[in-house]
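Visitor: Sharing a structure with you now.
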Amino acid sequence: MEFKKNDMVTVKIEDMSHDGSGIGKADGYTLFIKDAVIGDEVEAKIMKTKKNYGFARLMNVLVPSPDRTEPKCPKARACGGCQLQFLSYEKQLEFKKNKVEGNLRRIGGFRDFSIEKVMGMENPWRYRNKAQFPFGKDKDGNIVTGFYAGRTHAIIPNRNCYLGVEENEEILNLIIEYMEENHVEPYHEETGKGLVRHALIRYGFTTKEIMVCLIINGDSLPKKDRLIERLVKIPGMTSITANVNKKRSNVILGEKILPLWGQGYITDYIGNVKYQISPLSFYQVNPVQTVKLYETALAYAGLTGNETVWDLYCGIGTISLFLAQKAKQVYGVEIVPAAIEDAEKNAELNGIENAEFYVGKAEEVLPREYKEKGIYADVIVVDPPRKGCDEELLSTMLAMRPERIVYVSCDSSTLARDLKILCSEEYRLERVAVCDMFPASVHVETVCLLSRKSS
1 MEFKKNDMVT VKIEDMSHDG SGIGKADGYT LFIKDAVIGD EVEAKIMKTK
51 KNYGFARLMN VLVPSPDRTE PKCPKARACG GCQLQFLSYE KQLEFKKNKV
101 EGNLRRIGGF RDFSIEKVMG MENPWRYRNK AQFPFGKDKD GNIVTGFYAG
151 RTHAIIPNRN CYLGVEENEE ILNLIIEYME ENHVEPYHEE TGKGLVRHAL
201 IRYGFTTKEI MVCLIINGDS LPKKDRLIER LVKIPGMTSI TANVNKKRSN
251 VILGEKILPL WGQGYITDYI GNVKYQISPL SFYQVNPVQT VKLYETALAY
301 AGLTGNETVW DLYCGIGTIS LFLAQKAKQV YGVEIVPAAI EDAEKNAELN
351 GIENAEFYVG KAEEVLPREY KEKGIYADVI VVDPPRKGCD EELLSTMLAM
401 RPERIVYVSC DSSTLARDLK ILCSEEYRLE RVAVCDMFPA SVHVETVCLL
451 SRKSS
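Here it is in structure tokens:
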């Protein structure tokens, strides 16, 4: 049978795709249905057809799956942030494990391995220490903030996201009150007019320190004292800044920070290492799970105190400083100069003297230091962005032949691709663990240990 747009179908969901959509068949034709979960029987409306598969919208759940759960957030379907809120937490972890395992087998060609642990959360809510809220207006002209609907820039109003801390809602209420009373306009993407683009809020889970940074399409905030006066009443308020971004693009942060009140950073801990975090710092968003992830990476690195370790894509030195506690010497490499300044400050803050940092692309710095200065590594730790490692970097790692490589990844498909290259001759995949850094979403962190075959 040939289906066309707007046809209604009944589908039994048999699987889930990498983006969390339910997969089922109608008369042998495969359909992807967002918000449907394995085991559901659903009524769906076909939205788009291709030759061998199509996409449909969930209209009704006829028979709910035993693993279906009522989402905590009333905006869960409309908002693009949580793809798995309809799935029980136990099954979310199973989905993530299967996703990593499937990619390692299918893309990496690995057969003989097992995932030794899946690190979940006791309480998978209110875990994010950072949130970014866009501002705009609704059709009645009211100022709104919340999150973008999936694959669009339409704002779904929501000041109470259950992944963020409770303080976020109070802060957003105060910002909107200030904007309404003082006629401060939100930014309008189509026209490029309006002032307030986003609010970035960071929260120190250990220190209880709060940072508010307003991203503005201008050089100053009118009547800023009226906003500051409100915000400083919130317990823990430590840093209030504005970030200037006048570009007509969807990049959230500009480069210039204007101090408004307090210091320009907050502090927080991962384990017993203290970090200074500025508005522009890259810092893991889930501190509870970051400790588990880093402790696993540290265990996999197998440090005895005599090793030279290279930490590639080191950010503000989060993993580097963790490793420095057990290594002889750590070298961190990161392309963002401000992050390296933070890393050096953080090393000083913790009295760590065996960590040195380089600004530059890992795929340029490492080959240069290896070829020109003959530096070597006992252990290389790599935590690249989603696109994985550069080929030049992989070949330098292979040429340097460290005893062990610890690969931390936020995208298991590029991880599998890179491991296939590293393990083609020189290394073997020894250990794999999965960490649920982002409950309710489809994203997952993986940490792998590669050991040299000849040693």
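When the letters of the sequence shown are read in order and numbered with the UniProt record's numbering, they come out as residues 1 to 455.
Every residue gets a Cβ at the ideal spot worked out from N, C-alpha and C, and that includes glycine.
Just so it is clear, the structure is predicted and the values come from calculations on it, not from any experiment.
Going by DSSP in three states, P367 sits in which element: helix, strand or coil?
Guide: Sequence index remark: in the sequence shown, residue 367 carries index 367 (1-based). P367: helix per DSSP, three-state reduction.
Visitor: State the DSSP-derived secondary structure class of P235, mapped to helix, strand or coil.
Guide: Residue mapping note: residue 235 aligns to position 235 of the sequence shown, counting from 1. It is coil, neither helix nor strand.
Visitor: Quick check: the region 74–89 against the region 390–402, are there 3 or more CB pairs under 8 Å?
Guide: No: fewer than three Cβ pairs fall under 8 Å.
Visitor: Going by other Cβ atoms of all chains shown within 10 Å of its Cβ, with 16 needed for buried, is V251 buried or exposed?
Guide: Along the sequence shown, read from residue 1 onward, the residue named residue 251 stands at position 251. Exposed, by the Cβ-count rule.
Visitor: Can you round the beta-carbon distance between S17 and I38 to whole angstroms, since I take them to be within the 8 Å contact cut?
Guide: Taking the first residue of the sequence shown as 1, we reach residue 17 at position 17. Taking the first residue of the sequence shown as 1, we reach residue 38 at position 38. 11 Å between Cβ atoms; not a contact.
Visitor: With a threshold of 16 other CB atoms inside 10 Å of the CB of R105, please say whether the residue is buried or exposed.
Guide: Looking up residue 105 in the sequence shown gives position 105. Exposed.
Visitor: Alpha carbon to alpha carbon, what distance is there between I215 and L258?
Guide: As a first step, residue 258 is located in the sequence shown; it is residue number 258 there, counting from the start. As a first step, residue 215 is located in the sequence shown; it is residue number 215 there, counting from the start. Rounded to whole angstroms, L258 to I215 spans 10 Å at the Cα level.
Visitor: Considering just the uninterrupted stretch of the alpha helix (DSSP H) at S413, what are its terminal residues?
Guide: Translated into positions along the sequence shown, residue 413 becomes position 413. Its alpha helix (DSSP H) spans residues S412 to L422.
Visitor: Pop quiz: F55 and Y29 are said to be a contact at Cβ under 8 Å. What is the actual Cβ separation, rounded to whole angstroms?
Guide: Locating residue 55 in the sequence shown gives position 55, counting from the first residue. Locating residue 29 in the sequence shown gives position 29, counting from the first residue. Actually they do not touch by this definition, with Cβ atoms about 12 Å apart.
Visitor: Take N173 as the anchor and find which of E94, V165 and T145 has the nearest alpha-carbon.
Guide: By one-based count along the sequence shown, residue 173 stands at place 173. Cα-wise, what sits closest to N173 is T145.
Visitor: In whole angstroms, give me the CA-to-CA distance for G360 and D15.
Guide: In the sequence shown, the residue the question calls residue 360 occupies position 360. In the sequence shown, the residue the question calls residue 15 occupies position 15. Computed Cα separation, rounded: 42 Å.
Visitor: Under the DSSP definition of a beta bridge, which residues are partnered with W261?
Guide: In the sequence shown, counting from the first residue as 1, residue 261 sits at position 261. DSSP lists I240 as partners of W261.
Visitor: To which residues of the same chain is K292 closer than 8 Å at the C-beta, ignoring the five residues directly before and after it?
Guide: As a position in the sequence shown, residue 292 is number 292, starting the count at 1. Around K292: M119 and C435.
Visitor: Within the continuous alpha helix (DSSP H) that includes residue 457, where are the two ends?
Guide: An answer regarding residue 457 cannot be provided, because it is not within the stretch 1 to 455 covered by the chain.
Visitor: CB-CB under 8 Å to E170, same chain, minus the five flanking residues each way: which ones, in chain order?
Guide: Along the sequence shown, one-based indexing puts residue 170 at 170. Hits under 8 Å: I234.
Visitor: Indicate the three-state DSSP secondary structure (helix, strand or coil) for D383 in the structure shown.
Guide: On the sequence shown, position 383 is the one that residue 383 refers to. The answer is coil: DSSP assigns D383 none of H, G, I, E or B.
Visitor: Identify whether F133 lies in helix, strand or coil by the three-state DSSP scheme.
Guide: Sequence index remark: in the sequence shown, residue 133 carries index 133 (1-based). Three-state DSSP puts F133 in a strand.
Visitor: Within the continuous beta strand (DSSP E) that includes I23, where are the two ends?
Guide: The residue you call residue 23 lines up with position 23 of the sequence shown. It spans G22 to A26 - the beta strand (DSSP E) in which I23 sits, taken as one unbroken run.
Visitor: Would you mind reading off the limits of the alpha helix (DSSP H) that contains M179?
Guide: As a working mapping, residue 179 is identified with position 179 in the sequence shown. E167 to E181 is the span of the alpha helix (DSSP H), which, as asked, contains M179.
Visitor: Measure from the alpha carbon of G236 to the alpha carbon of each residue in T267, K453, K224 and E189, then state which is nearest.
Guide: By one-based count along the sequence shown, residue 236 stands at place 236. Per the Cα distances, T267.
Visitor: Would you call the CB atoms of T446 and V100 closer than 8 Å?
Guide: Taking the first residue of the sequence shown as 1, we reach residue 446 at position 446. Taking the first residue of the sequence shown as 1, we reach residue 100 at position 100. Their beta carbons are under 8 Å apart, which means T446 touches V100 by this criterion.
Visitor: Of all the options D225, L253 and M400, which has the alpha carbon lying nearest to the alpha carbon of S201?
Guide: As a first step, residue 201 is located in the sequence shown; it is residue number 201 there, counting from the start. First, the amino acid is wrong: residue 201 is Ile here, not Ser. It is L253 whose Cα lies nearest to the Cα of I201.
Visitor: Taking Cβ to Cβ, would you say R431 is nearer than 8 Å to C448?
Guide: For the purposes of this step, residue 431 is taken as the residue at position 431 of the sequence shown. For the purposes of this step, residue 448 is taken as the residue at position 448 of the sequence shown. Cβ distance < 8 Å, so R431 and C448 count as in contact.
Visitor: In chain order, what residues of the same chain lie with their CB nearer than 6 Å to the CB of Q85, ignoring the 5 residues before and after it?
Guide: For this step, residue 85 is matched to residue 85 along the sequence shown. Around Q85: P71, A76 and A440.
Visitor: Buried or exposed for M8, please, with buried defined as at least 16 other CB atoms from any protein chain shown within 10 angstroms of its CB.
Guide: As a position in the sequence shown, residue 8 is number 8, starting the count at 1. By the 10 Å Cβ count, M8 comes out exposed.
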